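Novice: Each residue of the sequence shown is one higher than the last, beginning at 0 in numbering that gives the first Met the number 0. For each residue, glycine too, the CB sits at the ideal point set by N, CA and C. As the structure is a prediction and not an experimental result, all values here were calculated from the model. After the structure tokens below, expect a handful of questions from me.
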Amino acid sequence: MIKKGFFLFLFSWISFLGCDLYDFNDPWTKITDAEYAIPLINSKITVESALSGQDPGLDIHFDEDGTIVLKYSSELIRKQAVEIFKPIVFPAALYFIDSMLQIRFDQLGNYNVQKGTIRGDSIRFAFTSHYNEPVQITVSIPEAFDITGTFSKTITIQPNSTLITPLYSLRGYNFVSPNNHLTFRYDARKPNGERVLLDNAHFQFTYFLFEFVQGYLGQNIQKLNQEIPVNIFKQWKSGLLEFADPQVTVRMDNSFGFPVKALIESFEITQLGGQTVKLESTIFDNDIFFDYPKLDEIGQVKTTEFHFDKTNSNFATAFNQKLTGVNYKIDAIVNPEDDPSFVGFYSHSSYYLLSVGVELPLIFKAENFRIEQEVDFESPVKNLEEVGDFEIKSYITNLFPVEVFAQLYFIDNNGLTIDSLFTGGEKHFVAGIINHDGSVSPGEIAEPEFIRFGSERKNLLANSVKVLAKIRMSTPGSQNSYIRITKDMGLDLQMGLRFKADLSKL
């Protein structure tokens with residue numbers, strides 16, 4: 000699922016207040032006997048550095064021109080063979096008719112099985128003899144064999160008794176079934192060689208499961224119903240935000256050896272206000288089939304992708320209306336033609352995997368786009384009684400081509416605002432200027448700013464547990480102009496805390 004989101008890089012610079020201050024070799028600088036300074040941060044924040052490690056589903060790529068492309072991927076549904084083709088369980092004993100019983104695969108479903116390998120599990124036999132002499136019994140499955148030969152077991156039942164054999168493993172036995180069945184036989188003979196029939200002759204499986212099977216395995220319908228949360232607009236409050244070319248790719252990886260057709264019952268996009276919009280695309284104009292490996296491609300995985308963008312769907316329009324989720328209901332029909340003459344296969348390791356990827360080239364426009372974000376705050380000063388007046392020095396150079404207006408609020412345990420950082424309201428950071436070569440120069444000369452706090456305001460250091468950043472941003476120039484964010488753009492940050500000690504408390 001898509002977590003965090005693109006805009007973390009625009010407010011991540013405020014997280015200096017939660018940094019580990021003691022990474023510096025000399026974090027405390029004594030200016031005078033009563034004055035100290037603590038460096039807080041000295042770095043450049045880029046999209047790559049801010050987002051790396053934030054979301055395990057996020058990969059950051061760069062186009063040839065350096066444009067950053069965010070790619071979110073999420074594994075939605077994975078199903079193994081055993082989840083689709085359940086083990087065959089016979090609830091009761093199977094009785095021999097005369098001395099033989101055939102299990103036809105077409106009685107288990109619309110199957111036409113040619114050959115395969117048994118994975119599990121075991122079989123046991125039972126017989127009752129009314130003869131006054133021992134009887135030797137040979138049980139066999141003529142179609143099943145391994146490297147030692149055909150499945151066959153020889154046992155002896157004592158006079159006038161009942162015999163229940165131990166469990167015999169079927170695992171690893173191959174079978175060839177030209178007539179679409181497995182045959183189970185017993186041959187019972189007296190010591191003189193006379194062939195006889197026994198009473199209550201039957202056998203029972205623990206369960207029956209294929210390791211590999213080739214043939215026609217019937218029609219099967221898989222329900223693919225899923226809601227995909229998309230949290231990229233989680234911090235959105237108001238204003239305009241529009242991406243130039245958001246894209247989504249639905250991918251199916253399949254190692255089952257038979258065709259699968261997708262019937263789309265519904266495919267909807269949920270927007271921030273709870274409204275739903277039907278996803279429309281020319282892709283849906285034709286039947287949708289997932290590729291599959293053929294008989295000479297056993298063991299391979301085939302991939303089918305469906306790519307939705309502004310050229311073939313309304314995804315871009317719906318996305319820019321503050322997408323929060325995608326809901327779909329799809330019937331995946333195995334062997335849609337239901338043709339018993341079709342020869343397919345599957346193995347115990349076969350699977351299909353449905354995944355989705357959202358691709359966001361960072362080319363967008365914004366107008367008074369507002370977001371909010373809270374971060375944890377821990378005071379760097381442990382003994383607040385010693386603190387008198389203090390100030391926070393900030394030196395910030397905006398090398399993003401986006402105008403940013405920001406204010407930071409210090410929040411206590413009750414969610415109440417204690418104080419704010421910038422005096423006089425929002426702090427305006429002028430957008431950087433894009434040069435002919437694509438680099439960015441500062442839109443203005445950055446000057447250090449000293450934000451002074453009297454000792455009576457040190458309560459913010461004592462009681463703050465969160466810092467709430469309220470940020471407003473706009474792309475410069477025409478509202479119809481998109482800007483692109485490249486790998487070298489960022490915010491140069493230098494910040495520190497300076498305070499006077501209250502000597503009377505020392």
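#1: By DSSP, does ASP286 sit in helix, in strand, or in coil?
#2: Quick one: what does DSSP say GLN274 is sitting in, helix, strand or coil?
#3: Taking SER83 and ASN219 to be in contact with their CB atoms under 8 angstroms, please state how far apart those CB atoms are, rounded to whole angstroms.
#4: Does the Cβ-Cβ distance between LEU181 and ASN253 come in under 9 angstroms?
#5: If you run the structure through DSSP and keep just helix, strand and coil, what is ARG451?
#6: Roughly how many whole angstroms lie between the Cα atoms of ILE506 and THR303?
#7: In angstroms, rounded to a whole number, what distance separates the CA positions of ASP391 and THR422?
#8: Determine contact between the stretch 345–364 and the stretch 242–253, defined as no fewer than three beta-carbon pairs at a distance below 8 angstroms.
#9: For PRO133, does the count of other Cβ atoms within 10 angstroms reach 16, so buried, or fall short, so exposed?
#10: Quick one: grab the DSSP three-state call for THR485.
#11: In terms of residues, what are the limits of the beta strand (DSSP E) holding PHE61?
#12: Would you call the stretch 254–262 in contact with the stretch 275–294, where contact means no fewer than 3 C-beta pairs closer than 8 angstroms?
#13: From the DSSP secondary-structure annotation, give me the bridge partner or partners of GLN218.
#14: Look up GLN213 in the DSSP assignment and say whether it is helix, strand or coil.
#15: What distance in whole Å lies between the Cβ atoms of ALA405 and GLU373, which are believed to be in contact at a cut-off of 8 angstroms?
#16: Identify every run of the alpha helix (DSSP H) within the stretch 80–105, keeping only runs that are complete inside it and at least 4 residues long; order them along the chain.
#17: Cα separation between PRO475 and GLY387?
#18: Am I right that LEU361 and ARG483 are in contact with their C-beta atoms under 8 angstroms? What's the rounded C-beta distance?
#19: In the DSSP assignment, the beta strand (DSSP E) including ALA125 goes from what residue to what residue?
#20: To the nearest angstrom, how far is it from the Cα of PHE144 to the Cα of PHE150?
#21: Measure the C-alpha to C-alpha separation of THR485 and MET494 and round it to an integer number of angstroms.
#22: At what residues does the alpha helix (DSSP H) containing LEU459 begin and finish?
#23: What do you get for ASN199, buried or exposed, if any count of 16 or more other CB atoms within 10 angstroms of its CB means buried?
#24: Give me whichever residues DSSP pairs with ASN173 in a beta bridge.
#25: Between the stretch 205–212 and the stretch 114–126, do three or more beta carbon pairs fall short of 8 angstroms?
#26: Output the distance between the C-alpha atoms of ALA315 and ILE282, rounded to the nearest integer angstrom.
#27: My understanding is that ILE268 touches LEU223, with C-beta atoms under 8 angstroms, so please give their C-beta distance in whole angstroms.
#28: To the nearest whole angstrom, what separates the beta carbons of TYR327 and PHE266, a pair I think is in contact under 8 angstroms?
#29: Please classify LEU415: is it buried, with 16 or more other beta-carbons within 10 angstroms of its beta-carbon, or exposed?
#30: Assign LEU490 to one of three DSSP states: helix, strand, or coil.
#31: Between the Cα of LEU492 and those of SER393, LYS277 and LYS293, spot the shortest distance and give me the residue it belongs to.
Specialist: On the basis of the data shown:
#1: Note: ASP286 maps to coil in three-state DSSP.
#2: Assigned with DSSP and collapsed to three states, GLN274 falls in coil, not helix or strand.
#3: First, the amino acid is wrong: residue 83 is Ile here, not Ser. With a Cβ gap of about 6 angstroms, ILE83 and ASN219 count as contacting.
#4: Not in contact: LEU181 and ASN253 (Cβ atoms no closer than 9 angstroms).
#5: If DSSP states are grouped into helix, strand and coil, ARG451 belongs with the strands.
#6: Given a span of 0 to 505 for the chain in the structure shown, any question on residue 506 remains unanswerable.
#7: Note that residue 391 is Ile in the sequence shown, not Asp. The straight-line gap separating the alpha-carbon atoms of ILE391 and THR422 is approximately 12 angstroms.
#8: Under the three-pair Cβ rule at 8 angstroms, the stretch 345–364 counts as touching the stretch 242–253.
#9: Counting of Cβ neighbours within 10 angstroms places PRO133 among the exposed residues, the total staying below 16.
#10: The answer is strand: DSSP assigns THR485 an E or B state.
#11: Unbroken beta strand (DSSP E) run through PHE61: 57–61.
#12: Yes, they touch.
#13: Looking at the DSSP assignment, GLN218 forms no beta bridge with any residue, so it has no partner.
#14: GLN213: strand per DSSP, three-state reduction.
#15: Actually they do not touch by this definition, with Cβ atoms about 14 angstroms apart.
#16: Runs of the alpha helix (DSSP H) inside the stretch 80–105: 80–83.
#17: Rounded to the nearest whole angstrom, the CA to CA distance from PRO475 to GLY387 is 42 angstroms.
#18: Correct: roughly 6 angstroms between the Cβ atoms.
#19: Note, ALA125: beta strand (DSSP E), 121–128.
#20: Those two C-alpha atoms are separated by around 5 angstroms.
#21: Between THR485 and MET494, the C-alpha separation is close to 25 angstroms.
#22: From DSSP, the alpha helix (DSSP H) with LEU459 extends over 458–462.
#23: Of the other Cβ atoms in all chains shown, fewer than 16 fall within 10 Å of the Cβ of ASN199; this residue is therefore exposed.
#24: Partner(s): THR116 and PHE144.
#25: Two segments are said to touch when three or more pairs of C-beta atoms, one from each, lie closer than 8 angstroms; by this definition the stretch 205–212 touches the stretch 114–126.
#26: The alpha-carbon atoms of ALA315 and ILE282 are separated by roughly 15 angstroms.
#27: Taking C-beta atoms under 8 angstroms as the contact rule, ILE268 and LEU223 fail to qualify, at a distance of about 17 angstroms.
#28: Indeed, because the Cβ distance is near 5 angstroms, the residues count as touching under 8 angstroms.
#29: That one is exposed.
#30: DSSP places LEU490 in the strand class (E or B) of the three-state scheme.
#31: Looking at the Cα atoms, SER393 is the closest of the given residues.
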